[in-house]
Amino acid sequence: MFIALLPGDGIGPEVITEARRVLEALALTGLQFEEALVGGAAYKAVGHPLPQTTLDLAKRADAILFGAVGDPDCDALERHLRPEQAILGLRKELELFANLRPATLFPELADASALRPEVASQIDMVIVRETNGDVYFGEKGMRTTADGKREGYDIMSYNEDEVRRIARVGFETAMARGKKLCSVDKANVLETSQLWRDVVIETAKEFPEVELSHMYVDNAAMQLVRNPGQFDVIVTGNLFGDILSDQASMCAGSIGMLPSATLNIDQKGLYEPIHGSAPDIAGQGKANPLATILSAAMMLRYSLGHPEAADRIEAAVAAALATGARSPDLGGSHEHARNGRCRFGGTVSPARAAAAPGGGTPTGNLARG
Ligand code: IPM
Ligand code: MG
């Protein structure tokens with residue numbers, strides 16, 4: 121099992137350090153790591169956010185554990201040199217099109233949610249976000265209009281094959297969970313969304329057991345805070361999924377808690393926290409490493425064939441939270457940071473926590489069909 125570690129920028133290196141420590145504590149045989157630069161860190165060192173050597177390592181590895189990219193020093197660079205291009209490039213080059221973002225509330229964190237505890241405690245969903253197309257990858261640019269005004273443009277499009285393959289992942293994910301799929305679009309306004317909806321309805325014929333519904337994205341944003349418990353699996357496009365998954369994370373306590381997996385058709389995956397690089401708190405040991413540690417659990421379960429080790433990590437996270445340990449984003453004091461080192465991460469001990477069968481497995485319910 122050969123893992124590429126791509127720490128990236130800001131808090132990326134410190135959360136990856138904690139996740140690596142947890143992985144090493146499992147003492148699995150044959151676990152190997154190789155680290156490479158990515159994002160602003162790579163740009164500063166070698167002039168490109170996704171150097172060829174990093175891309176080659178990602179292709180060679182059995183799985184990729186990714187920290188975060190984004191660096192304010194790089195905001196003025198041409199777009200193709202900005203740190204964010206690294207994650208977009210990896211998703212595209214490795215055809216990682218299916219981004220699974222589970223949002224589940226650890227019972228210990230009911231008070232950390234932005235929602236009332238009785239509403240928040242109902243959250244148990246997976247957002248299946250497409251990550252190879254949409255307005256992210258369409259033609260884009262700046263131009264001057266006939267009357268001399270500057271104009272920016274980004275073309276949104278999806279073809280039917282792209283929609284069908286992500287729709288299938290949505291249905292398969294629903295089949296492995298509560299058999300309810302909500303497809304989120306903006307078909308009342310966008311042609312891209314009309315095609316999306318048509319193809320999702322066609323694909324539904326392959327999955328007669330799944331109850332399919334459709335929701336416009338504005339309504340979905342509202343329903344997520346009104347009654348998040350109504351969702352089992354959401355399938356949506358790249359842009360809507362980016363926005364809704366940040367929103368779901370806050371409903372589930374903190375953006376510092378949510379892991380993600382981005383898979384290709386062969387289940388090769390890149391695993392990353394959904395949060396960004398948070399440069400304002402980087403290097404202070406304040407960052408919550410749990411989203412990355414839980415991403416490592418997803419990696420063991422979905423790409424490396426070690427579901428029991430994934431269970432152990434998730435049980436260890438639950439056990440750490442049960443002791444009352446909290447990072448600042450969860451309402452904890454900054455006391456957990458000492459000399460820039462994250463003491464909170466150190467409370468996660470898979471060696472001590474036995475696998476909890478059926479318990480403490482927030483990412484356990486999204487196996488693909
Ligand atoms: C995410 C991030 C990325 C995205 C950025 C860093 C390009 O926000 O993974 O959600 O927009 O996909
Ligand atoms: Mg995002």
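Residue numbers for the sequence shown follow the numbering used here, so the first one is 121 and each next one is one higher. Glycine included, C-beta positions come from ideal geometry on N, C-alpha and C. Values in this document were obtained by computation on a predicted structure and should not be read as measured data.
Just checking Asp362 against the ligand ADP - is the residue's beta carbon closer than 7 angstroms to any of the ligand's heavy atoms?
As for the ligand ADP, it is missing from this structure, which binds only the ligand IPM and the ligand MG.
In the DSSP assignment, what are the bridge partners of Ser380?
In the DSSP output, where bridge partners are listed per residue, Ser380 has Glu392.
With H, G and I counted as helix, E and B as strand and the rest as coil, what does DSSP make of Asn219?
Judged by DSSP in its simplified three-state form, Asn219 adopts strand.
When DSSP labels each residue in this structure, what does Ile136 get in the three-state scheme?
Note: Ile136 maps to helix in three-state DSSP.
Please state whether the Cβ-Cβ distance between Thr174 and Leu201 is less than 8 angstroms.
In this structure, Thr174 lies away from Leu201, with their beta-carbon atoms at least 8 angstroms apart.
Specify, as a first and last residue, the run of the beta strand (DSSP E) that Pro127 falls within.
122-128 is the extent of the beta strand (DSSP E) around Pro127.
Any chance the stretch 367-383 sits against the stretch 229-236, with 3 or more Cβ pairs inside 8 angstroms?
Verdict: yes, contact present.
Does DSSP put Tyr163 in a helix, in a strand, or in coil?
For Tyr163, the secondary structure class from DSSP, reduced to helix, strand or coil, is helix.
Out of Ser469, Gly132, Glu331, Leu126, which has the shortest C-alpha to C-alpha gap to Asp83?
Since the first and last residues shown for the chain are 121 and 489, residue 83 lies out of range.
Please report the distance separating the alpha-carbon of Gly159 from that of Leu126.
C-alpha separation (whole angstroms): 9 angstroms.
Beta carbon of Met342 nearer than 8 angstroms to that of Leu185
No, the pair does not count as a contact, with Cβ atoms beyond the cut-off.
By the DSSP assignment, the alpha helix (DSSP H) with Asp431 in it spans what residues?
Asp431: member of the alpha helix (DSSP H) spanning 427-442, first to last residue.
Shortest alpha-carbon distance to Leu332 belongs to which of Arg317, Arg346, Val345, Asn339?
The option with the nearest alpha carbon to Leu332 is Arg317.
Using only CA atoms, which one of Pro409, Val468, Ala436 lies nearest to Pro448?
Closest by C-alpha distance to Pro448, out of Pro409, Val468, Ala436, is Pro409.
What I want to know is whether the C-beta of Asp366 ends up closer than 7 angstroms to one or more non-hydrogen atoms of the ligand MG.
Yes, the Cβ of Asp366 comes within 7 angstroms of a heavy atom of the ligand MG.
Taking 8 angstroms as the threshold (C-beta atoms), are Val337 and Lys306 in contact?
Taking C-beta atoms as the reference points, Lys306 and Val337 count as a pair closer than 8 angstroms.
Note down the Cα distance separating Arg199 from Ala218, rounded to an integer number of angstroms.
Taking the Cα positions, Arg199 is about 24 angstroms away from Ala218.
By how many angstroms is the C-alpha of Asn252 removed from the C-alpha of Val304?
Roughly 17 angstroms separates the two Cα atoms.
For Thr264 and Ser277, the rounded distance between their alpha carbons
Going from the Cα of Ser277 to the Cα of Thr264 covers about 23 angstroms.
Report yes if the C-beta distance between Lys339 and Glu250 is below 8 angstroms; otherwise report no.
The sequence given here places Asn at residue 339; Lys does not occur at that position. Not in contact: Asn339 and Glu250 (Cβ atoms no closer than 8 angstroms).
Measuring straight from C-alpha to C-alpha, what distance separates Met335 and Asn308?
Whole-angstrom Cα-Cα distance: 10 angstroms.
Supposed contact pair Leu414 and Glu228 - C-beta distance, whole angstroms, cut 8 angstroms:
With a Cβ gap of about 14 angstroms, Glu228 and Leu414 do not count as contacting.
If you measure from the CB of Val189, is any heavy atom of the ligand IPM nearer than 7 angstroms?
Within the cutoff, so yes.
What number of angstroms, rounded off, separates the C-alpha of Gly150 from the C-alpha of Ala162?
For Gly150 and Ala162, the distance between alpha carbons rounds to 28 angstroms.
Less than 7 angstroms between the CB of Ile401 and some heavy atom of the ligand IPM, yes or no?
Incorrect: Ile401 has no Cβ contact closer than 7 angstroms to the ligand IPM.
Out of curiosity, what's the CA-to-CA distance linking Ala139 and Gly268?
If you draw a straight line from the Cα of Ala139 to the Cα of Gly268, it comes to about 52 angstroms.
Best match in Ala294, Thr356, Asp352, Ile354 for proximity to Pro328 [C-alpha to C-alpha]
For Pro328, the nearest C-alpha among the options comes from Ala294.
Counting only the same chain and skipping the five closest in sequence on each side, list residues whose C-beta sits under 8 angstroms from that of Lys388.
Listed in chain order, the non-local C-beta contacts of Lys388 below 8 angstroms within the same chain comprise Asp182, Ala183, Leu214, Leu216, Ser423, local neighbours out to five positions each way being set aside.
Is Pro470 buried or exposed, if buried means 16 or more other CB atoms sit within 10 Å of its CB?
By the 10 Å Cβ count, Pro470 comes out buried.
Would you mind giving the Cβ-Cβ distance between Ile354 and Ile247, rounded to the nearest angstrom? I have them listed as a contact below 8 angstroms.
Their Cβ separation, rounded to whole angstroms, is 5 angstroms, which keeps Ile354 and Ile247 in contact under 8 angstroms.
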